Amino acid sequence: MAADSTITTVERVQEEGSFLFTVADDYGVTQEVILVPCEEGVEAWYNRCTHEDFKLDRGFGVIYRDDEIVCAKHGSTFEPCSGFCDNGDAKDTTLPSVEVACEDGEVRLVDDGYTFLHE
Numbered sequence: 047m048a049a050d051s052t053i054t055t056v057e058r059v060q061e062e063g064s065f066l067f068t069v070a071d072d073y074g075v076t077q078e079v080i081l082v083p084c085e086e087g088v089e090a091w092y093n094r095c096t097h098e099d100f101k102l103d104r105g106f107g108v109i110y111r112d113d114e115i116v117c118a119k120h121g122s123t124f125e126p127c128s129g130f131c132d133n134g135d136a137k138d139t140t141l142p143s144v145e146v147a148c149e150d151g152e153v154r155l156v157d158d159g160y161t162f163l164h165e
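One rule links them: number in the working numbering = place in the sequence shown (from 1) + 46.
Dropping the structure here:
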């Protein structure tokens, strides 16, 4: 797969609080992914709660409470930089990650398992 693709800028993710995009694997299966700001740039997670496959970003940005990502369905919260949940129905789970890198202010997809499709 062509994995080194520019997705957006770090500044945009920081300003908007999150960024939603779509990737495809080698078989053409698509997956929505969210970017969220962290101390060291950004992190990328599958756009779904680990409890019931509910979208964390339903098209208008990630919801935050006390600086944690909130699942609007059951209220579980996820630490944005580790993806770990320590409460609610998703307790003791971690959001699946997608590998990205920040370089020169840009966020690039570097996960060999995916190709960037679109915002």
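The beta carbon of each residue, even a glycine, is placed where N, CA and C say it ideally should be.
Just so you know, these numbers come straight off a predicted model, no measurement behind them.
- When only Cα atoms are considered, Val-88 and Cys-148 end up about 7 Å apart.
- About 4 Å separates the beta carbon of Tyr-92 from that of Pro-142, a gap short enough to meet the 8 Å contact definition.
- Residue pairing by DSSP places Cys-131 opposite Phe-124, Thr-139 in a beta bridge.
- Where Glu-62 is concerned, the enclosing alpha helix (DSSP H) starts and stops at 56 to 62.
- Going by DSSP, Leu-66 is part of the beta strand (DSSP E) stretching over 65 to 70.
- If you look at Cys-84, you'll find it in the beta strand (DSSP E) that goes 76 to 84.
- Between Ile-53 and the set Glu-98, Leu-155, Ile-109, the nearest pair of CA atoms involves Leu-155.
- Boundaries of the beta strand (DSSP E) around Thr-161: 161 to 164.
- Taking all protein chains shown into account, Phe-106 has fewer than 16 neighbouring C-beta atoms within 10 Å of its C-beta and is therefore exposed.
- One Cα belongs to Asp-132, the other to Thr-55, and the distance between them is close to 30 Å.
- Residue state for Val-144 is assigned as coil, using DSSP reduced to three classes.
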